[in-house]
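Protein chains in written order, with this note's numbering: chain P, 1 to 362; chain H, 1001 to 1393; chain R, 2001 to 2296.
Note that CB positions come from ideal geometry on N, CA and C, so glycine has one too.
Structure record follows, encoded as structure tokens.
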Amino acid sequence: MVKKYNKGSRIEYRKRDILFTAGLWLVSLILPDPHLPYRREFIKKRDFFYVGALLLLPLILSGPLVYLMVLAGIYAIVALGLSLFLGYAGQISLGHAAFFGIGAYTTAILTTRYAVSPLEAFGASALAAAVCAYLIGKPILKLKGYFLALATLGFGEIFLVMVRESRSLTGGVSGIFGVPWFSVAGFAFDTSLKQYYLVWGVLIALVLFAKNLVRSKMGRTLLAVAASEDAAASVGINVAQVKVRVFVLSAAFAGLAGSLFACVLSTANPQGFGLGLSVLVVMMVIMGGMGNLYGPIFAAIFLTWLTDVLGGFQEYSLPIYGVILILLLIFFPDGVGTRLNERLIYLISYWGRKRRRERVDI
Amino acid sequence: MKLGKKCVVLAMCLSLLFLFSCSQKPKEGSPYTIGVNLELTGPWAEVTKTVKQVLIMEVEKINAMGGVDGHPLELVIEDNGFDQGRAAAIMTKFTQNKKIPVVLGPWEDPLQGTTRAIAEREGITNIIFCPSNPMVRGLKQKWSFNIAQSDIIVSRKLADLCLARGYKTILVFPGNWPLALSLADYFKQFGEEKGLKVIIAKETHAPSDIDMTPQLIKLKPIIEKEKVDAFYASTGGPPGPIIVKNMRALGIKTPVIGTHAFGFGFVIALGGAAMEGVEFGAGKPVVPYQLDEGDPVRPIVTDLDKRMKERYGQGLDQIAGHAHDAIWLIYDALKRCKGEVTRAAFRNALEDTTEFVACHGIYNYSPTDHDGLSKEDMVFIRIEDGKFKRLKF
Amino acid sequence: MNPWIHIPQLLAAGITMGAIYALVALGFVIIVRASQILNFAQGEFVMLGGVVTFFFITGAGLPYPLAALAAVLAVIVIGFLLHLLVVYPLRKASVLILIMATVGASIVISNTSALLFGTLPKALPPFSGDLPLELGGIRIVPQNLWVLGATFLLFFVLYFLSHRTLVGKAMEASSTDPLGADLSGIARNFMVFLAFGVSAGVGAIAGVLVTPIFYTSYNAGTLLGLKGFIAAVVGGWGKNSGAVLGGFVLGVVESTSIAFIPAGYKDAVAFVVLLLILYFRPKGILGSPYIDSRRW
Chain P
1 MVKKYNKGSR IEYRKRDILF TAGLWLVSLI LPDPHLPYRR EFIKKRDFFY
51 VGALLLLPLI LSGPLVYLMV LAGIYAIVAL GLSLFLGYAG QISLGHAAFF
101 GIGAYTTAIL TTRYAVSPLE AFGASALAAA VCAYLIGKPI LKLKGYFLAL
151 ATLGFGEIFL VMVRESRSLT GGVSGIFGVP WFSVAGFAFD TSLKQYYLVW
201 GVLIALVLFA KNLVRSKMGR TLLAVAASED AAASVGINVA QVKVRVFVLS
251 AAFAGLAGSL FACVLSTANP QGFGLGLSVL VVMMVIMGGM GNLYGPIFAA
301 IFLTWLTDVL GGFQEYSLPI YGVILILLLI FFPDGVGTRL NERLIYLISY
351 WGRKRRRERV DI
Chain H
1001 MKLGKKCVVL AMCLSLLFLF SCSQKPKEGS PYTIGVNLEL TGPWAEVTKT
1051 VKQVLIMEVE KINAMGGVDG HPLELVIEDN GFDQGRAAAI MTKFTQNKKI
1101 PVVLGPWEDP LQGTTRAIAE REGITNIIFC PSNPMVRGLK QKWSFNIAQS
1151 DIIVSRKLAD LCLARGYKTI LVFPGNWPLA LSLADYFKQF GEEKGLKVII
1201 AKETHAPSDI DMTPQLIKLK PIIEKEKVDA FYASTGGPPG PIIVKNMRAL
1251 GIKTPVIGTH AFGFGFVIAL GGAAMEGVEF GAGKPVVPYQ LDEGDPVRPI
1301 VTDLDKRMKE RYGQGLDQIA GHAHDAIWLI YDALKRCKGE VTRAAFRNAL
1351 EDTTEFVACH GIYNYSPTDH DGLSKEDMVF IRIEDGKFKR LKF
Chain R
2001 MNPWIHIPQL LAAGITMGAI YALVALGFVI IVRASQILNF AQGEFVMLGG
2051 VVTFFFITGA GLPYPLAALA AVLAVIVIGF LLHLLVVYPL RKASVLILIM
2101 ATVGASIVIS NTSALLFGTL PKALPPFSGD LPLELGGIRI VPQNLWVLGA
2151 TFLLFFVLYF LSHRTLVGKA MEASSTDPLG ADLSGIARNF MVFLAFGVSA
2201 GVGAIAGVLV TPIFYTSYNA GTLLGLKGFI AAVVGGWGKN SGAVLGGFVL
2251 GVVESTSIAF IPAGYKDAVA FVVLLLILYF RPKGILGSPY IDSRRW
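The following block contains the structure:
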């Protein structure tokens, strides 16, 4: 019986193997790799493929889509930072919009009031967000689960109230207008196309940084903390310190993104930095897959595009958005890329297996 | 070889994207397209719903009349969800569409900062409904036009009301958003010019506050100490009736004066009996049938009121008036455009508008004044027996 | 000016707010006692309670008490649906996914309500007149007394349900020891299902009681829900008595703080209280059966 099974399935097996490989190859072209941190290679051919696609994309996209890609790139920077905190270290934050806002306000205040150049303000934004994250992270990062989510959410709300009420500094609800374009040595990024290359250039630099980080000792430590804090502590990892560090780092990413946001939209007002943005960014990380650097970027593009398309549905846009969020969470709780990869692999292999099983039964 | 295949896949993906982006481009044709960028979801949905209804109704009417010299009008309505990024993205989308000479909206101040900047940069006319705060006004605005009464004329009108009523000391309780604050500041400025004593309270309220009792408890001693004659609720939307209701529950009997934002039916519905005796200055559509017989605005307002009741079962309000005025101003400017309608030609035609009679009054734009209306286009109103009653002094 | 002269009146306002927070917090506790799920859409039940009652009165022309009853029943059905459509499919998912899913549900519920009933705030008539009572210089609206009475009544009913009935004990068992509950034949998912219904009902009752005092509009639920959750954490996570105590503490602190700081910072006070309590005593004032002190 066993022999017969081997004999009969040899051809089938080969066919299945080919299909399986072809399917995986196709999938690997389009989808980010869910097991990226465990791979050895640092920069692969795929990376060049992505960079090339990014460089060429504005050639075929129409104007508004380039502008959308600028916004998507900004959100992707926040999502990338959050991916380190949420995806790698396994901690929950519903307050990243506040760091984004701190970055935007730092840039807006420095450039409009003190005539600091946007490049210096860009650095200062990251610094301001990081300092705030350090101060808030020290006490609240000992919390876990729901309570950490609530504490970070509370921080976000406090930030919004502060911004609204300290009118002399932040301009209250109306915010600050007239933030200058981002400029480096006299070269102003004043069109969508230039801003596109600016934002995605910053993003590529940050991706390289993050890729290095997750392959370093720090990255392994983060994964250990996410897996089990007790176990991580028992092998000599200072869990509290690691959590604060990655929180500060992800806040600095958000601060950089906020600075770009203020320069691109030329305003900063509290409307953009509420719970809605925090939820959107967490959604990007979940959709992109935990412990994955490319996924959140794809998710950022998708969700930014989605909210824009939903604008055309007028009154129905927010209800539809909510339903889509829930459906994505129910069907892809561990990320669209990861789940699709698994599903496709399963389907491809199942097709072969089913044929084989039928043959065995006969 | 592997790389070659990848290139093929890449080319396929890109061509798909290209097809997609092409399909989004507008169709060729003769209609004039108007972009509408509104907060159709979020806290302002009720207001923008009226705007949308009136815009659709009036565009249908214009098209039934044969359009603008044979060109029909066409609306592209998008929802920005009260989000800055989305409002900017929609505005950019409209500016890229060469068929669109003018964009209406967005409604709220915070979003206008961004969209006005885009309008100035790209050179497209942006018509704004809500009166804006001094910060937005401080930006250079060649391409932005206001439809609604500006905070300046509302404050002037209210100072007149105080003089007519003989109020000497007025306490202002402003909201924390830009329009409410600038209304309070201008009221102080104009009031003091006329010899009134205006105190602006340090306490403010947010548009989402559901209970003003705490703030009013702190204001009560000030009212007693300074012998305040009138209490000015510089606010808009739901906080107005909440303030009045909470005041009466706390036993503060000072007369209340309000902004033009009190001139909506829901304000009376929410405040109930507490709203009796509240006075304010507002646009003419609040009292369509109490206007003077000789008023040129009267036939327009009553006609719109009848058509709205017929179609939507709901009478006219100030918002509907703004939407009506916006679309007819555009119609008028398009008609006066000589030759081909370009964005610049349209802007110049709109800026040349003089003595244009619409729902809210008579519009006069000039290179120095993009606000349109004047103080004479407002009327005094008092709430009596659950209805708006026009006051004449 | 001496800030202390405002205190008595602010205290009266704070106790009313506290009763409302307590009602919302009780809703959270019911679900937590049946499963370790945090329902971010709890505030929406409160909002729906008021808005649907308003709809039944004006739209369907029902008398007030009947409309209130119908609204509570309708919201209970929505609570059941929330469990069946969102929470049950995610019963094995992580904390983060559940948070996001209930946040998504809250977006859907509030904006659908905006679509169906409009975004304008709704006001209901008070149960027994709106003539304020004057007690030694403090003015109280009679509706406040209704809210206080209902809070204590519901507290006792829920206490009885969860500590003196078999269903209540089964609910608690399925939360504290899932495996043990399974072994003793408790249908755990059914218990959570029931808990969502009861929680929605309590939320809706809170909404009906609150709407005559304040206004309910489609977006009022989120902040009320958050503050109710903070109250539940402050009092002691997972305890009925903790929820009620936490509600009153939060309401009074929030209200009296206004005497000393500008009212604009009012919303931040609750979150500062939350951060302080999470830092110094995460178990809450009365302690919590679900939080092991060692792990916090």
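With residue i as the anchor, note down where its alpha helix (DSSP H) starts and where it stops.
| i | result |
| --- | --- |
| residue 229(P) | 229-234 |
| residue 2263(R) | Run containing residue 2263(R): none; DSSP gives neither H nor E here. |
| residue 278(P) | 275-288 |
| residue 2189(R) | 2188-2210 |
| residue 1188(H) | 1178-1193 |
| residue 243(P) | 239-265 |
| residue 1268(H) | 1265-1271 |
| residue 108(P) | 96-113 |
| residue 436(P) | Lying outside 1 to 362, the shown extent of chain P, residue 436(P) is not represented and no answer is given. |
Contact defined as beta carbons within less than 8 Å: I believe residue i pairs with residue j. What is the distance between those atoms, to the nearest angstrom?
| i | j | result |
| --- | --- | --- |
| residue 1284(H) | residue 1209(H) | The Cβ separation is near 30 Å, so there is no contact. |
| residue 1273(H) | residue 1240(H) | Their Cβ separation, rounded to whole angstroms, is 15 Å, which puts residue 1273(H) and residue 1240(H) out of contact at 8 Å. |
| residue 1250(H) | residue 1216(H) | 6 Å |
| residue 1104(H) | residue 1036(H) | 5 Å |
| residue 1365(H) | residue 1187(H) | Going by Cβ atoms, the distance from residue 1365(H) to residue 1187(H) rounds to 25 Å, so no, they are not a contact pair. |
| residue 2215(R) | residue 1128(H) | Not quite, the Cβ-Cβ distance comes to about 28 Å (not below 8 Å), so this is no contact. |
| residue 1232(H) | residue 1268(H) | Between residue 1268(H) and residue 1232(H) the Cβ distance is about 19 Å, and since that is not below 8 Å, they are no contact. |
So the beta strand (DSSP E) residue i belongs to, where does it begin and stop?
| i | result |
| --- | --- |
| residue 1169(H) | 1169-1174 |
| residue 1282(H) | 1279-1283 |
| residue 1033(H) | 1032-1038 |
| residue 2084(R) | Counting along the chain, residue 2084(R) falls outside any beta strand (DSSP E), and DSSP gives it neither H nor E. |
| residue 1387(H) | 1387-1391 |
| residue 2184(R) | Per DSSP, residue 2184(R) belongs to no beta strand (DSSP E) and is neither H nor E. |
| residue 1125(H) | 1125-1128 |
Going along chain H in order, which residues have a C-beta closer than 9 Å to the C-beta of residue i?
| i | result |
| --- | --- |
| residue 2036(R) | Neighbours of residue 2036(R) on chain H: none; closest Cβ ~31 Å, over 9 Å. |
| residue 68(P) | 1089, 1092, 1093 |
Can you tell me the Cα-Cα spacing of residue i and residue j, whole angstroms?
| i | j | result |
| --- | --- | --- |
| residue 2069(R) | residue 78(P) | 46 Å |
| residue 2041(R) | residue 176(P) | 33 Å |
| residue 2015(R) | residue 2197(R) | 27 Å |
| residue 2030(R) | residue 153(P) | 23 Å |
| residue 2128(R) | residue 2139(R) | 16 Å |
| residue 1264(H) | residue 2080(R) | 38 Å |
| residue 1024(H) | residue 245(P) | Note on residue 1024(H): pLDDT 44, under 50, position unreliable in the model; the coordinate value appears next. Their backbone Cα atoms lie some 45 Å apart in a straight line. |
| residue 227(P) | residue 220(P) | 11 Å |
| residue 2006(R) | residue 1221(H) | 9 Å |
| residue 1234(H) | residue 1185(H) | 10 Å |
| residue 141(P) | residue 2280(R) | 13 Å |
| residue 1001(H) | residue 45(P) | Low confidence applies to residue 1001(H): its pLDDT is 41, below 50, so where it sits in the model is not reliable, and the reading given next is rough at best. Cα-Cα distance, rounded: 13 Å. |
| residue 2010(R) | residue 2149(R) | 20 Å |
| residue 2120(R) | residue 2187(R) | 42 Å |
Name, please, each residue of chain R whose Cβ falls closer than 8 Å to the Cβ of residue i.
| i | result |
| --- | --- |
| residue 185(P) | Near residue 185(P) there are no residues of chain R at all, since even the closest Cβ is about 41 Å away, more than 8 Å. |
Cβ closer than 7 Å: which chain H residues qualify as neighbours of residue i?
| i | result |
| --- | --- |
| residue 2214(R) | 1210, 1211 |
| residue 308(P) | 1086, 1089 |
So which residues of chain P does residue i contact, with C-beta pairs closer than 7 Å?
| i | result |
| --- | --- |
| residue 2271(R) | 154, 157, 158 |
| residue 1947(R) | Here chain R covers residues 2001 to 2296 and nothing more, so residue 1947(R) does not appear. |
Taking Cβ-Cβ distances shorter than 8 Å, what residues in chain P pair up with residue i?
| i | result |
| --- | --- |
| residue 2099(R) | 92, 94, 146, 149 |
Using a C-beta to C-beta distance shorter than 8 Å, which residues of chain H count as neighbours of residue i?
| i | result |
| --- | --- |
| residue 315(P) | 1040, 1041, 1045, 1049, 1079 |
| residue 322(P) | In chain order: nothing, as chain H lies at least about 11 Å away. |
Going along chain R, which residues have a C-beta under 7 Å from residue i?
| i | result |
| --- | --- |
| residue 1122(H) | What residue 1122(H) touches in chain R: nothing, since even the nearest Cβ is about 32 Å away. |
| residue 102(P) | In chain order: nothing, as chain R lies at least about 16 Å away. |
| residue 1108(H) | Residues of chain R passing the Cβ test: none, with the nearest at roughly 14 Å. |
Please list, in chain order, the chain R residues whose beta carbon lies closer than 9 Å to that of residue i.
| i | result |
| --- | --- |
| residue 1242(H) | 2121, 2214, 2215 |
(request) Give the residues from the region 2119-2131 of chain R that approach chain C closer than 9 Å (Cβ to any Cβ), ordered along the chain. (result) Reference to chain C is not applicable here, since the protein chains of this structure are P, H and R.
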